[in-house]
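*Asks:*
Protein chains: 2
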Amino acid sequence: MSDKQGEKVDIFAVAKAAKVSISTVSRSFNHPEKLKPATRKKIDKAVRKLGYIRNRAAQTMHGIRSGTIGLIVPTIDHAIFSELMQAFAKSVETQGFSILVAPHDYDLEREYAAVRKFLEHRVDGIALIGQDHSEATYQLLDSNNTPAISIWNYDATSRLPCVGADNRKAGEMAAQCVLEYGHRDIGLVFPPLSGNDRASARFEGAMSVLQKTDGGFTANPDWHIQSPYSLSETKRSVSSMLKTTPRPTALLCGNDVLAVASIYAAHAMGLQVPRDVSIIGIGDFRGSEDMHPSLTTVRLPAGEIGHLAGQHLAEMVIGEPTDMARINCDISLKHRQSCGPVPRKADQPKQKKI
Amino acid sequence: MSDKQGEKVDIFAVAKAAKVSISTVSRSFNHPEKLKPATRKKIDKAVRKLGYIRNRAAQTMHGIRSGTIGLIVPTIDHAIFSELMQAFAKSVETQGFSILVAPHDYDLEREYAAVRKFLEHRVDGIALIGQDHSEATYQLLDSNNTPAISIWNYDATSRLPCVGADNRKAGEMAAQCVLEYGHRDIGLVFPPLSGNDRASARFEGAMSVLQKTDGGFTANPDWHIQSPYSLSETKRSVSSMLKTTPRPTALLCGNDVLAVASIYAAHAMGLQVPRDVSIIGIGDFRGSEDMHPSLTTVRLPAGEIGHLAGQHLAEMVIGEPTDMARINCDISLKHRQSCGPVPRKADQPKQKKI
DNA sequence: AATAGTATTGCAAATGTTTTCATTTTACGC
DNA sequence: GCGTAAAATGAAAACATTTGCAATACTATT
């Protein structure tokens, strides 16, 4: 394979070894069809002999694309973004791009910093999660005419093109589902809403449906938990909620992680799901279907969203400046085992309301 | 903030706007202390007015570091690598690097391709998972004197510096644990071993301990499953293993995903864990501790490994060429609920215990 | 064999920075 | 106010490529 690397091996070294000019070497990479086959072969040989590797930085300087796309996520360490990232990465990779990744820990200042840094690297495109971004971030993107896309939340009025699902509707569907099972004593388990338009939209959707229920939804403040994406913390707070008397007969969770934690919390205190308490999530993360009991949830197709987003952004980068597109991916209620009808009165620990 | 972007805004534009030379502008970024405060202020103003963003590609061409580090993982979409990636990303980020990520789907050819691509981008360092890589990959790394590190598996004879845990020992500890609970009828649930030195090492470790058990470990071929990282498939095959008569009294799983799937499989067929069957994993993924029953497992500190690896690689990039280091992170057995003593004989097929 | 036409190849300018070295400006002691 | 050292700035080369244009080498046609 490669030779000693004592000398730096650049396009000049290759040219010299192949006894051609550097222009010809360059062409052999960028327009191989313009070379005489014999020349191409000579160059290939020299490249292999020297172990030459092209320098994209030098190419980038010519206004040629850098071949990188930036993906900025709240956190890498979360099932839902993992699935998204994987699909996104694969999809842009097939178009020849590499991806730069940065987590910002739900901090919009850090998100801005990440965008800036990526622009310094001259990424060809940038993908952000959701629509909650600082004004500075939006302006930076605007003024730099770097293609950008927002992933995960569909919003017909988004400032950036977006590929995502309707999180409000997801909240509505989840609420609808528990109502249809007859529940009225419903606990809410959501992540912190600020700076997180996905969670906010779900919450609003759920509340709007619940509040116009005439059967009388009980909005008990004790039954409304705000919990971070952490199984253990969520378990703790859900446990204490389930210890109230009476306790809610159903838990509507802002995402599947919280729902899974809720199920564990219920199990740990000896309650059966859904016999004693029904639990519904939003997301349909990897594993939600296979757990026991399997989790009833509103499916948001993370893989599909990631794939489409990647494809779309790549097109924006490569293709003509198309008009701004917004893609709304279908969501669907997955009826599984964790939701069931309201427990009979006798089953409850003490009396139930009305 | 920024002005109209009609004209390209480069260092010349800034220089002109600030009425200084480009050298001065460049210095204001790289050696600000060498500028007269007044000049610095003028330049800052021009930068802000024009919305200038430095071009790292141009810097990189000067042999200056690109400020990127490549991380190549088997898959992004897997809890264990997520945690690792997050820690790694944060750790190199504090040193000012951005990270390029590529998944290779357990395909060493694709891993090679990813390394090549990253080298074209002139990454300052490369991190790979484990020690199983193609010869071509190793040679490429060698000849390019780009700092590289191998993460996740500690191996005293590794070709690259490594930061990881002793996977063989993890296998031994898991085996030791189930033996100490008295189990002899032990089922094995592992991922495919080829091209995966982590899983192979665990398997070998486990087998070596089991085979020198004099109580008589039963190596039943029906009780040895090879299953991909998929809850549903694993559930299926574990279910059928648990239907054999007699069935194993304990399941030793190559990682926590498989262990969790095994627990779900057991639950789904009405078995209790650990009353009817004990289950142990390896990894201690996020969630393993909080599930119900909590998973007994050998903890591999993914976060710590990722953090140390990032720190170490950054040092290799920035600092003097230090001698090759290998870091072995501690692992520990987490005794939790999913493992217990062997069920009394009477309990096995029908009868309930006590 | 000469000519036109075309397929290859080479030259040199351009890309956006950093840095060395030379030059100019400033400050300070007398 | 002058000389000198130190501080600040500028000019130009260097970095590794791509590409438009010019030059050269073929091919086919007469």
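For the record, the sequence lines run as chains A and B.
Read in order, the letters of the first sequence are residues 66 to 419 in the numbering used here.
Read in order, the letters of the second sequence are residues 66 to 419 in the numbering used here.
A virtual CB, placed ideally from N, CA and C, is assigned to each residue, including glycine.
It should be emphasised that the depicted structure is a prediction, and the values quoted were computed from it without experimental measurement.
(1) Tell me which residues of the region 99-131 of chain A have at least one Cβ-Cβ distance to chain B shorter than 7 Å, keeping chain order.
(2) When you compare each of A:D172, A:R119, A:K308, A:G352 to A:A324 by their alpha carbons, which one comes out closest?
(3) Less than 8 Å between CB atoms is the rule here; does A:D142 satisfy it with respect to chain B?
(4) I'd like the ranges of any beta strand (DSSP E) spanning at least 3 consecutive residues and lying wholly in the region 94-166 of chain B.
(5) Look up B:H377 in the DSSP assignment and say whether it is helix, strand or coil.
(6) For B:H400, count neighbouring Cβ atoms within 10 angstroms of its own Cβ and tell me buried if that reaches 16, exposed if not.
(7) Name, going along the chain, the residues of the region 178-193 of chain B whose beta-carbon falls closer than 9 Å to a beta-carbon of chain A.
(8) Counting Cβ pairs, one atom from each stretch, are 3 or more of them under 8 Å apart for the region 326-341 of chain B and the region 298-313 of chain B?
(9) Do you know offhand how far A:M334's Cα is from A:P168's?
(10) Give me the Cβ distance between A:M389 and A:P226, rounded to the nearest whole Å; I'm assuming they're in contact under 8 Å.
(11) So B:A213 and B:G229 are in contact, right, with Cβ under 8 Å, and what is the actual spacing, rounded?
(12) Label A:R113 either buried or exposed according to how many other C-beta atoms from any shown protein chain fall within 10 Å of its C-beta, with 16 as the threshold for buried.
(13) Assuming A:I344 contacts A:D321 under a Cβ cut-off of 8 Å, what Cβ separation, rounded to an integer in Å, is found between them?
(14) Comparing C-alpha positions only, which one of A:D250, A:H248, A:F282, A:H289 sits nearest to A:F268?
(15) At the level of alpha carbons, what is the spacing between A:A239 and A:D250?
(16) Mind checking which residues open and close the beta strand (DSSP E) that includes B:V228?
(17) Can you give me the Cβ contacts of B:L173 inside the same chain, cut-off strictly under 8 Å, excluding the 5 residues immediately before and after it?
(18) Check whether the Cβ atoms of A:L184 and B:I118 lie closer than 8 Å to each other.
(19) Determine, for A:V382, whether the minimum Cβ-Cβ distance to residues of chain B falls below 8 Å.
(20) Report the partner residues of B:L19 according to the DSSP bridge assignment.
(21) Find the residues of chain A that neighbour B:L360, judging by a C-beta separation of less than 9 Å, and give them in chain order.
(22) Any C-beta of chain B within less than 9 Å: which residues of the region 253-265 of chain A qualify?
(23) Apply the 10 Å Cβ neighbour rule to A:G247 and answer buried if 16 or more other Cβ atoms are within range, or exposed otherwise.
(24) Considering only the alpha carbon of each residue, which of B:D355, B:D287, B:Y171 lies closest to B:Q402?
(25) Would a C-beta distance cut-off of 8 Å place B:S215 and A:A122 closer than the cut-off?
(26) From the DSSP output, which residues share a beta bridge with B:L398?
(27) Taking buried to mean at least 16 other C-beta atoms within 10 Å of its own C-beta, is B:R409 buried or exposed?
(28) Taking Cβ positions only, does B:P168 come closer than 8 Å to chain A?
(29) Whole angstroms are fine: how far does the CA of B:L253 sit from the CA of B:C318?
(30) According to DSSP, is B:S353 helix, strand or coil?
(31) What are the residues in the region 345-379 of chain B lying within 8 Å of chain A by C-beta distance?
(32) Which whole-angstrom value is the C-beta distance of A:S156 and A:T133, which I expect to be below 8 Å?
(33) Taking a contact to mean a Cβ-Cβ separation below 8 Å, would you say A:A152 touches A:G368 in this structure?
(34) Taking the alpha carbon of A:V342 as the point to measure from, which residue in A:M126, A:L100, A:K73, A:V407 has its own alpha carbon closest?
(35) Which residues of chain B have a Cβ atom closer than 8 Å to the Cβ of A:A421, listed in chain order?
(36) On the DSSP bridge assignment, give the partners of B:H289 in chain order.
*Replies:* Let's see:
(1) Within the region 99-131 of chain A, the qualifying residues are G116, I118, R119, N120, R121, A122, A123, T125, M126, S131.
(2) Checked all of A:D172, A:R119, A:K308, A:G352; the closest Cα to A:A324 is A:G352.
(3) With its beta carbon less than 8 Å from one in chain B, A:D142 belongs to the interface.
(4) For the region 94-166 of chain B, whole beta strand (DSSP E) runs of length 3 or above, ordered along the chain, are 133-138.
(5) Here B:H377 carries a helix assignment [DSSP, helix/strand/coil].
(6) By the Cβ neighbour-count rule, B:H400 is exposed, with fewer than 16 other Cβ atoms within 10 Å of its own.
(7) For chain A, the residues of the region 178-193 of chain B that bring a beta carbon within less than 9 Å of one of its beta carbons are A179, R181, K182, F183, L184, E185, H186, R187, in chain order.
(8) Judged by Cβ distances under 8 Å, the region 326-341 of chain B makes contact with the region 298-313 of chain B, as three or more pairs qualify.
(9) Pairing A:M334 with A:P168, the inter-Cα distance amounts to about 36 Å.
(10) So it is a contact: roughly 5 Å between Cβ atoms.
(11) Contact between B:A213 and B:G229 does not hold, since the beta-carbon distance rounds to 14 Å and is not under 8 Å.
(12) Under the 10 Å beta carbon count, A:R113 is surrounded by fewer than 16 other beta carbons and is classified as exposed.
(13) Not confirmed; about 10 Å, so no contact.
(14) It is A:H289.
(15) Computed Cα separation, rounded: 14 Å.
(16) Note, B:V228: beta strand (DSSP E), 227-230.
(17) Beyond the five residues adjoining it in sequence on each side, B:L173 comes within less than 8 Å, by CB distance, of D197, H198, S199, T202, G260 in the same chain, given in chain order.
(18) Cβ atoms of A:L184 and B:I118: closer than 8 Å.
(19) Not flagged as an interface residue toward chain B: A:V382, since no C-beta distance is shorter than 8 Å.
(20) This structure gives no information on residue 19 of chain B, because the portion of chain B shown stretches from 66 to 419.
(21) Correct list: empty, because the minimum Cβ distance to chain A is about 11 Å.
(22) Of all residues in the region 253-265 of chain A, none has a Cβ within less than 9 Å of some Cβ in chain B.
(23) By the neighbour-count rule (16 or more Cβ atoms within 10 Å), A:G247 is not buried but exposed.
(24) With respect to the C-alpha of B:Q402, the residue from B:D355, B:D287, B:Y171 having the closest C-alpha is B:D355.
(25) Taking 8 Å as the Cβ cut-off, B:S215 and A:A122 do not qualify as a contacting pair.
(26) Answer by DSSP bridge pairing, in chain order: B:V363.
(27) Note on B:R409: under 16 other CB atoms within 10 angstroms of its CB, so exposed under the neighbour-count rule.
(28) The Cβ of B:P168 sits closer than 8 Å to at least one Cβ of chain A.
(29) Spanning the two alpha carbons is a distance of roughly 6 Å.
(30) B:S353 falls in the coil class under three-state DSSP.
(31) Those residues of the region 345-379 of chain B that come within reach of chain A (Cβ to Cβ, closer than 8 Å) are R351, G352, E354, D355, M356, H357.
(32) Not a contact, Cβ separation roughly 15 Å.
(33) Taking 8 Å as the cut-off, the beta carbon of A:A152 is found closer than this to the beta carbon of A:G368.
(34) Checking every option, the nearest Cα to that of A:V342 belongs to A:V407.
(35) Beyond the ends of chain A as shown, which are 66 and 419, falls residue 421 of chain A; an answer cannot be given.
(36) Answer is B:L253, bridged to B:H289.
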